[in-house]
Every structure is written in C-alpha cells, then in structure tokens.
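Using the numbering used here, you'd call the opening residue of the sequence shown number 213 and step up by one each time. Note that CB positions come from ideal geometry on N, CA and C, so glycine has one too.
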Amino acid sequence: MNIKKEIETMVPKLVECRHELHSWPETAFEEHRTSDFITKELKSLGLEVEQGIAGTGVVATLTKGEGKREKAIGLRADMDGLDIHEENSFDYKSTNEGKMHACGHDGHMTMLLGAAEYLSRNDTFSGTIHFIFQPAEENEGGGNEMIKDGLFEKYPVEAVFGLHSFPILPLGYFATRKGPMMAAFDIFDIKINGTGGHAAMPHLTRDPIVAASYMINQFQSIVSRNSDPVESAVVSVTDIHGGTTYNVIPETVNLRGTTRHFQPHIQDMVEQRLKEITDGVASSTGVNTEFKYERRYPATVNSSNETDEAIKAASMITGAEKVLTDLPPVMGSEDFAFMLKEKPGAYIALGAGDPKPGGMMHQSKFDFNDEVIPIGVSYWTNLIENLLPLGS
Ligand SMILES: [Zn+2]
Ligand SMILES: [Zn+2]
Numbered sequence: 213m214n215i216k217k218e219i220e221t222m223v224p225k226l227v228e229c230r231h232e233l234h235s236w237p238e239t240a241f242e243e244h245r246t247s248d249f250i251t252k253e254l255k256s257l258g259l260e261v262e263q264g265i266a267g268t269g270v271v272a273t274l275t276k277g278e279g280k281r282e283k284a285i286g287l288r289a290d291m292d293g294l295d296i297h298e299e300n301s302f303d304y305k306s307t308n309e310g311k312m313h314a315c316g317h318d319g320h321m322t323m324l325l326g327a328a329e330y331l332s333r334n335d336t337f338s339g340t341i342h343f344i345f346q347p348a349e350e351n352e353g354g355g356n357e358m359i360k361d362g363l364f365e366k367y368p369v370e371a372v373f374g375l376h377s378f379p380i381l382p383l384g385y386f387a388t389r390k391g392p393m394m395a396a397f398d399i400f401d402i403k404i405n406g407t408g409g410h411a412a413m414p415h416l417t418r419d420p421i422v423a424a425s426y427m428i429n430q431f432q433s434i435v436s437r438n439s440d441p442v443e444s445a446v447v448s449v450t451d452i453h454g455g456t457t458y459n460v461i462p463e464t465v466n467l468r469g470t471t472r473h474f475q476p477h478i479q480d481m482v483e484q485r486l487k488e489i490t491d492g493v494a495s496s497t498g499v500n501t502e503f504k505y506e507r508r509y510p511a512t513v514n515s516s517n518e519t520d521e522a523i524k525a526a527s528m529i530t531g532a533e534k535v536l537t538d539l540p541p542v543m544g545s546e547d548f549a550f551m552l553k554e555k556p557g558a559y560i561a562l563g564a565g566d567p568k569p570g571g572m573m574h575q576s577k578f579d580f581n582d583e584v585i586p587i588g589v590s591y592w593t594n595l596i597e598n599l600l601p602l603g604s
C-alpha cells in the first residue's frame, strides 16, 4: 500500500485519539464533548473553527497557496454514536452508559482530524478546505440540519466528499459507484378508525383489523405491479398494533412502515399508491383513516467527475484493482445524501476487514479497525492534492 511516511508516523497518536473518542460516545445533537474535543484539536493545528452549526456541528477551514485560493472543497465526517450498550472489555470501551460508537464514526472523525493535521503541516495544495464534522447521522438527519443552518452559504464548496468504513469489505479495498449508491428512505403512519364491538356480532362493527389486512396485502402490489420491474423499490409494513383480547373487535389499528427507492418518480408513485390504497380500502370497508407520509433521507447520488476523483485518490493507495467502481446500489440510506443533493460529490466505502463475532456494525461488540486510519488519512490527502494542486 502506498502510504506517505509522515502519515505512518502519525498513526500511534491518531489511534490514541480514536480510542479517546470511542470512550465517550454521544448520540444525535448531544455531541457536546465530542464537538469540544474536535474543536480543540483543530485549533491547535491553527485552523479557523466554527462550533455550534446545527447545535453540535463543527466546521474548520484551512486555506493555503496563492493562485486559486477561492476554490474550496468540503470533506465530511460523522460524529454520533448509537443507543447500544457496549459489550467490549478493552480499556477504551464506552464510559457513557447505554451509548456506543458502533458504526465507526469515532474512526471517521479521527481520519479527518489526521488529514487536517497533515495538510496543515505540509504545503502540498493550493486552495481552501472546509472540514465538516456533522452531528446526528444515524437517524435524525444532522447533515440536513447543518445545511438548513447555512452550511454551504457560509462555507461554499465546489464539491463535497464523504466516506464510511465497512467491515464486510476487505481491508485495503474501496468501493463506490457513479449515480445512485444508497436509497432514499421515507416513513408512513396509518391510523385506521373503525367501529369496535362484540366479536360475535361483526355485522354491527366496522372492523379495522380486516381493513388493515387488506391494506397490507394490497401494498405488496405497489412494487410488483406499479413499479417498473427494472427500477428498485421497497415497501415494508414494520409495525401493526390493534386489539386487546379474543372477543372484542377493536376501534382502531395503527400501521407503520418504511419505503426505499432511488428515483424521485418512483418515490412519488409509492407515496401516491399508498394513499390511494388506504383511501380505497377505507371506502370499501367503511372505516376512516389518517394517513401520514414523511420523506426522510433522499437517495445518495454520486456525481460523475467527483466519483472519478474519489476512485483516483483511492487507487493511488491500493492500486486500481482494489477499488471497486461498480458497487451494486444498496437499499440502506445515508444522511450524506442531503449534502450530495446540494453539491456535486462522492461517497466511498472503505474496507475494514472481517469483523469478529458480534462485531458487525450496530452490534454491541463492534470496534473500528485502527488499521484503516492511515488508509483513510491518505485518501483525504490524495483527494485534496489532486483537486487543489499546487501552482494552480
Ligand atoms: Zn450506523
Ligand atoms: Zn455510520
């Protein structure tokens, strides 16, 4: 692997930094200690730092060189942990009970701090870098909150880049793709208000359980009959609640679920069909319904030129054969999608090697693989040196 000597020498200190971040995970919009720690590190490197964007978000700016100083690139890392009780026994395990860095965001922050350190010390680029540390990636759309808080007005960038370590990908490998890489994610809530009554006298009721069953059944036809077979979509009812005992038809049933898709026209169609089926069943069974549909994360879509740059920066480290450029899209979702909706850019997966048992992402024995650190720092620095070359 082609890692710069200086980055290799930084690894022991970065591992310490990663373990420190791992030991006090904080969740969505509560990343105060994390934000203070990052800010202190970045200020010690001489960067201009703004704290408090979307509450706990941090942006640090580094400008170098003459020439095209106004050309700016955004590099983004996520800061939040998860509500998981850590079951590891090493000495840097979580000291914040019930919270855990189980997705590798401690490693992502460390690698971006490492890149800030290397690039602040070495005059190897000409331009501006905004290091973006975003809160609440897991569920609450912290990236979107930073945008709403004026991220790209205050810190305009030509392109923005993100990465995520993945244990299922071998160490030293990268994977990405042009176009949609991860799906959009929406949620729906349907309240079915019927007329309850004695189970032995169903003709005197408007049974919401029967209505719910028709709805769930007909929702299955949205993907199979309404969606173009070559497009992808998921409609999943994930929660159904109603009834209390054997002989009472309940008044209400509540359904909840999620939908996934890559294309806006499929998203529109799925929302419309869910509503039409809900209304249609309500009409044919005599119940009333309250239908709520909420668009959460958009699809993560990589722009073409920036994906080429990401592939180039990665190939310089591991060789082109270890950079998978046609990763099949996944139906999972990623909050970085909001930034990619605003700016051209690319998201890349970084191989972290086989996890130990129980140590998959979002599991209680997960731990970020520290061997990834020099690879991630090298990726960021290559990207900047290619995009903001000296003498330009
Ligand atoms: Zn996660
Ligand atoms: Zn994650």
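| query | result |
| --- | --- |
| Backbone secondary structure at H410 - three-state DSSP | strand |
| 7 Å Cβ shell around P368 - same chain, five flanking residues per side excluded | A284 |
| Supposed close pair V482, A445 - CB separation, criterion 8 Å | 6 Å |
| Ligand 2 heavy atom lying under 7 Å from the CB of G588 | no |
| Which listed residue (A348, R437, K403) has its alpha carbon closest to that of A424 | K403 |
| Ligand 2 heavy atom lying under 7 Å from the CB of D290 | yes |
| Inter-stretch contact (C-beta, 8 Å, three-pair minimum) for the region 313-324 and the region 566-582 | yes |
| Uninterrupted alpha helix (DSSP H) stretches inside the region 487-516 (no shorter than 4 residues) | none |
| Of the residues Y330, G603, N517, R333, the one placed nearest I389, counting alpha carbons only | Checking the sequence, you will find Arg at residue 389 rather than Ile. R389 has its Cα closest to that of N517, out of Y330, G603, N517, R333. |
| Bounding residues of the beta strand (DSSP E) (the contiguous stretch that carries K276) | 269-276 |
| Enclosing beta strand (DSSP E) for D398 [first to last residue] | 396-405 |
| Environment of E238 [buried if 16+ CB atoms lie within 10 Å] | buried |
| Cβ pair G384, G563 closer than 8 Å | yes |
| Nearest-angstrom Cα separation, counted from K568 out to S377 | 15 Å |
| At least 3 beta-carbon pairs within less than 8 Å: the region 343-353 vs the region 230-244 | yes |
| Continuous alpha helix (DSSP H) assignments of at least 4 residues falling wholly in the region 327-395 | 354-360, 363-366 |
| Heavy atom of ligand 2 within 7 Å of H234 beta-carbon | no |
| Check: E243 C-beta below 7 Å from any heavy atom of ligand 1 | no |
| Beta-carbon proximity of T246 to Q263, cut-off 8 Å | no |
| The region 297-312 in contact with the region 354-370 per 3-pair CB rule at 8 Å | no |
| Candidates L257, N334, S338, G258, of which the one nearest P601 by Cα | S338 |
| S448, DSSP secondary structure in three states | strand |
| Close-in-space but distant-in-sequence residues of the same chain around V542 (CB under 8 Å, 5 per side omitted) | M393, M394, A395 |
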